[in-house]
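One structure is given here, and the rest of the page talks about it.
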Amino acid sequence: MSPQLLFNGFVIVLLIGYIGYRQTQWRAFEPSRIWRGPIVLAVVGLGSLVSTTTAVGTLDVAVLALELAISGGIGALMGAIARFRPLEAEDRVRDPRAQWASRTGAVGIVLWVAMIAVRIGIDVLAGMAGSHLASSTGVILLAFAANRAGRAITMGARLQKLAHVGA
135 MSPQLLFNGF VIVLLIGYIG YRQTQWRAFE PSRIWRGPIV LAVVGLGSLV
185 STTTAVGTLD VAVLALELAI SGGIGALMGA IARFRPLEAE DRVRDPRAQW
235 ASRTGAVGIV LWVAMIAVRI GIDVLAGMAG SHLASSTGVI LLAFAANRAG
285 RAITMGARLQ KLAHVGA
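Following this note's numbering, the numbering of the sequence shown begins with 135 at its first residue and continues without gaps.
Shown next as structure tokens:
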């Protein structure tokens with residue numbers, strides 16, 4: 135087993151655990167901060183891809199586009215199933231700009247695991263077809279960024295509707 139595969143496995147397990155835990159907890163939802171995670175993941179992922187010495191071919195670009203589309207779609211679905219509730223007064227002390235709390239719960243974790251399974255399946259098939267970029271850490275991070283961005287877009291739109299209904 136190569137060091138790259140071990141590192142990728144470590145990154146995946148770490149992100150699954152972290153995001154899985156967060157999806158089961160009611161957390162203050164602040165639209166201005168929801169983009170922080172996807173932006174950081176995308177910047178680090180792009181930086182990792184730029185430093186890759188592997189030649190990028192048409193298959194690599196097609197696999198990346200497919201993976202980003204699927205990851206973003208699953209993220210949008212996660213945003214669609216998210217539940218919102220008004221933020222408790224004591225929680226507003228910690229985060230005065232937030233008005234709502236959100237979580238996706240167990241269904242969110244199932245979708246998260248499904249995204250990982252699809253990502254691994256694409257990686258295996260792409261590797262068998264000759265893509266070397268699909269298994270890179272940069273692509274993994276970009277897939278997570280697309281997932282979080284899809285979620286952010288959907289949750290932001292839903293929150294705007296909630297704000298108009300509540301006003």
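The C-beta atom is built at its ideal place from N, Cα and C for all residues, glycine as well.
Taking residue i as part of the beta strand (DSSP E), name the residues at either end of that continuous run.
i, result
"tryptophan 234", "234–237"
Residue i by DSSP, collapsed to three states: which one?
i, result
"proline 220", "strand"
"leucine 259", "helix"
"arginine 226", "helix"
"glycine 264", "coil"
"arginine 231", "coil"
"serine 136", "coil"
"alanine 189", "coil"
"serine 124", "This structure cannot speak to residue 124, because the chain is shown only from 135 to 301."
According to the Cβ coordinates, are residue i and residue j closer than 7 Å?
i, j, result
"leucine 175", "leucine 296", "no"
"isoleucine 204", "valine 241", "no"
"isoleucine 208", "asparagine 281", "yes"
"alanine 162", "aspartate 229", "yes"
"glycine 283", "proline 172", "What sits at residue 283 in the sequence shown is alanine, not glycine. It is a contact, given that the beta carbons lie within the stated cut-off."
"histidine 266", "threonine 192", "no"
"methionine 212", "arginine 167", "no"
"alanine 232", "glutamate 164", "yes"
"alanine 235", "tryptophan 160", "yes"
"alanine 268", "arginine 253", "no"
"glycine 272", "leucine 183", "yes"
Could you spell out where the alpha helix (DSSP H) holding residue i opens and where it closes?
i, result
"alanine 203", "192–215"
Answer yes or no: the CB of residue i versus the heavy atoms of the ligand GDP, is any distance below 6 Å?
i, result
"isoleucine 215", "Looking for the ligand GDP in the displayed structure turns up nothing, as the structure carries no ligands at all."
Start-end ranges of the beta strand (DSSP E) lying completely within the stretch 139–180, minimum 3 residues: Segments of the beta strand (DSSP E) lying fully in the stretch 139–180: 161–163.
Three Cβ pairs or more, each shorter than 8 Å: is that satisfied between the stretch 260–271 and the stretch 243–251? Because the criterion of three Cβ pairs below 8 Å is not met, the stretch 260–271 and the stretch 243–251 do not touch.
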